[in-house]
Amino acid sequence: MSTQKQTPAADATLFTCHPQDMEWLPWAMPGAHFKLLHANAATGHFTLLIRFEAGAVAPIHRHVGAVEGYMIEGGFYYHDEPERPFTTGCYLWENEGAIHQPVSPDGGVMFAVFHGPVEGLDAEGNVIGRINWKWHVEKWNAAGNHYQPSGL
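As structure tokens, this is what we get:
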């Protein structure tokens with residue numbers, strides 16, 4: 366169960382949580398888990414810790430909003446660019462509209478700020494799924510957490 370705490374509504378300028386005390390939940394990507402750090406219903410932004418298992422391969426997906434990431438440990442590369450790995454200590458920015466397929470041969474942990482939803486795509490480029498701030502909050506709370514997003 367999460368120990369996330371929000372400040373009272375009268376002073377809604379600070380939010381803290383302790384990720385080390387939070388459980389990892391299965392994510393939309395096979396072989397990956399997440400911890401919800403923050404979600405904002407008004408902007409659509411959400412912040413996660415994402416853990417990739419060794420050998421994890423993401424489905425092909427498109428970023429509706431940009432994503433910022435910082436590799437805390439391990440790494441990954443894009444399926445079509447194996448010569449360009451993102452490893453421990455690397456910051457990355459993925460523009461909105463980016464379409465790719467991350468591969469993590471050795472696993473890793475990433476801090477990620479999503480500026481909008483992510484859409485799963487089939488081989489023809491059709492949208493077959495979508496995750497956003499609301500998906501994460503619902504999944505998080507279904508696991509017994511009591512998270513209230515900001516911006517409501």
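Counting the sequence shown from 1 gives a position; the numbering used here is that position plus 365.
The beta carbon of each residue, even a glycine, is placed where N, CA and C say it ideally should be.
Note that the coordinates shown come from a computational prediction; the quantities given were computed from them, not determined experimentally.
Using CA atoms only, rank isn't needed, just tell me which of the options is closest to residue i.
{"i": "His-511", "options": "Leu-402, Tyr-442, Ala-488, Glu-438", "result": "Leu-402"}
{"i": "Ile-425", "options": "Glu-503, Ser-515, Gln-513, Pro-467", "result": "Pro-467"}
{"i": "Ala-463", "options": "Gly-473, Glu-484, Ser-469, Glu-448", "result": "Glu-484"}
{"i": "Glu-489", "options": "Pro-384, Cys-455, Arg-427", "result": "Arg-427"}
{"i": "Arg-495", "options": "His-501, Lys-504, Pro-482", "result": "Pro-482"}
{"i": "Gly-430", "options": "Gly-454, Thr-412, Glu-388", "result": "Thr-412"}
{"i": "Met-475", "options": "Thr-408, Ala-406, Val-432", "result": "Val-432"}
{"i": "Leu-517", "options": "Glu-446, Pro-470, Asn-405", "result": "Asn-405"}
{"i": "Cys-455", "options": "Asp-445, His-444, Gly-439", "result": "Gly-439"}
{"i": "His-444", "options": "Ala-421, Ile-437, Thr-453", "result": "Ala-421"}
{"i": "Gly-472", "options": "Ile-437, His-465, Gly-509", "result": "Ile-437"}
{"i": "Glu-461", "options": "Phe-380, Glu-446, Trp-389, His-480", "result": "His-480"}
{"i": "Gly-578", "options": "Thr-453, Arg-449, Ala-419, Trp-389", "result": "The structure shown does not extend to residue 578, since the chain spans only 366 to 517, so no value can be given for it."}
{"i": "Asp-487", "options": "Lys-400, His-465, Leu-414", "result": "His-465"}
Is it right to say residue i is buried, meaning 16 or more other beta carbons lie within 10 angstroms of its own, or is it exposed?
{"i": "His-410", "result": "buried"}
{"i": "Asn-497", "result": "buried"}
{"i": "Val-492", "result": "exposed"}
{"i": "Glu-459", "result": "buried"}
{"i": "Phe-380", "result": "exposed"}
{"i": "Ala-419", "result": "exposed"}
Give the straight-line distance between the Cα atoms of residue i and residue j, rounded to the nearest whole angstrom.
{"i": "Val-478", "j": "Gly-434", "result": "6 Å"}
{"i": "Leu-457", "j": "Phe-451", "result": "8 Å"}
{"i": "Phe-417", "j": "Trp-392", "result": "10 Å"}
{"i": "Pro-395", "j": "Asp-386", "result": "23 Å"}
{"i": "Ala-507", "j": "Trp-500", "result": "11 Å"}
{"i": "Tyr-442", "j": "Val-502", "result": "28 Å"}
{"i": "Ala-397", "j": "Ala-407", "result": "27 Å"}
{"i": "Pro-470", "j": "Pro-447", "result": "11 Å"}
{"i": "Arg-449", "j": "Gln-513", "result": "38 Å"}
{"i": "Pro-384", "j": "Trp-505", "result": "13 Å"}
Mapping DSSP to helix, strand and coil, what is residue i?
{"i": "Glu-503", "result": "helix"}
{"i": "Trp-498", "result": "helix"}
{"i": "Pro-522", "result": "Absent from the structure is residue 522, since the part of the chain shown begins at 366 and ends at 517."}
{"i": "Pro-424", "result": "coil"}
{"i": "Pro-343", "result": "Beyond the ends of the chain as shown, which are 366 and 517, falls residue 343; an answer cannot be given."}
{"i": "Pro-384", "result": "helix"}
{"i": "Tyr-435", "result": "strand"}
{"i": "Trp-458", "result": "strand"}
Does the Cβ of residue i lie closer than 8 Å to at least one heavy atom of the ligand ATP?
{"i": "Asn-405", "result": "With respect to the ligand ATP, the structure offers nothing, as it holds no ligand at all."}
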